[in-house]
Amino acid sequence: MPNLAIYELVDAKMRDVIDLTIMQDIFMESFAQAYPESTGIKVFRSFYCYRHPVSSVRERIGRTRYLGKVVAKATREFTQRAMRSYESVGHPRSNQLFRAVRGKKRLEYCLRVIDQVSVKS
Numbered sequence: 105m106p107n108l109a110i111y112e113l114v115d116a117k118m119r120d121v122i123d124l125t126i127m128q129d130i131f132m133e134s135f136a137q138a139y140p141e142s143t144g145i146k147v148f149r150s151f152y153c154y155r156h157p158v159s160s161v162r163e164r165i166g167r168t169r170y171l172g173k174v175v176a177k178a179t180r181e182f183t184q185r186a187m188r189s190y191e192s193v194g195h196p197r198s199n200q201l202f203r204a205v206r207g208k209k210r211l212e213y214c215l216r217v218i219d220q221v222s223v224k225s
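For the numbering used here, add 104 to where a residue sits in the sequence shown, where the first one is 1.
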């Protein structure tokens with residue numbers, strides 16, 4: 105699936121607790137603001153996915169980070185529970201809410217869920 109991006113919550117425990125589908129409207133509004141040219145946006149219980157237009161890796165990463173910030177700003181209570189903070193000597197504190205799905209088993213699971221929804225639609 106070319107240009108398909110799949111993101112999940114960074115905190116594995118929160119993936120089991122928080123249902124992202126209840127925030128689908130927030131995700132759609134956030135995409136409209138941060139990444140309007142993306143298509144195929146789908147929000148699932150523990151992850152979301154979308155198709156991004158072909159662009160440079162640097163631009164795509166920047167837009168994806170901005171998207172995460174827009175979602176985090178719109179969902180402050182949720183963000184406080186699910187966000188991870190990282191500290192490093194000589195660098196400012198870094199916060200992360202979502203991460204790209206990369207693990208083979210996790211990626212296979214997400215693709216299977218996406219395919220099931222596509223077949224039903």
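Cβ coordinates follow ideal geometry from the N, Cα and C atoms, glycine included.
- Contact between Glu112 and Arg185 does not hold, since their C-beta atoms are separated by about 15 Å, which reaches or exceeds 8 Å.
- Under the 8 Å Cβ criterion, the stretch 210–225 does not count as touching the stretch 124–143, having fewer than three qualifying pairs.
- Pairing Ser150 with Leu124 gives a Cβ-Cβ distance under 8 Å.
- For Tyr190, the enclosing beta strand (DSSP E) stretches over residues Arg188 to Ser192.
- Judged by beta-carbon spacing, Leu201 lies within the 8 Å limit of Val114, meaning their Cβ atoms are closer than that value.
- Here Tyr190 has Ser198 as same chain residues with Cβ atoms under 6 Å from its own Cβ, once five neighbours each way along the sequence are excluded.
- The beta carbon of Arg119 is closer than 7 Å to those of Glu112, Leu113 and Ser150 in its chain, skipping five residues each way along the sequence.
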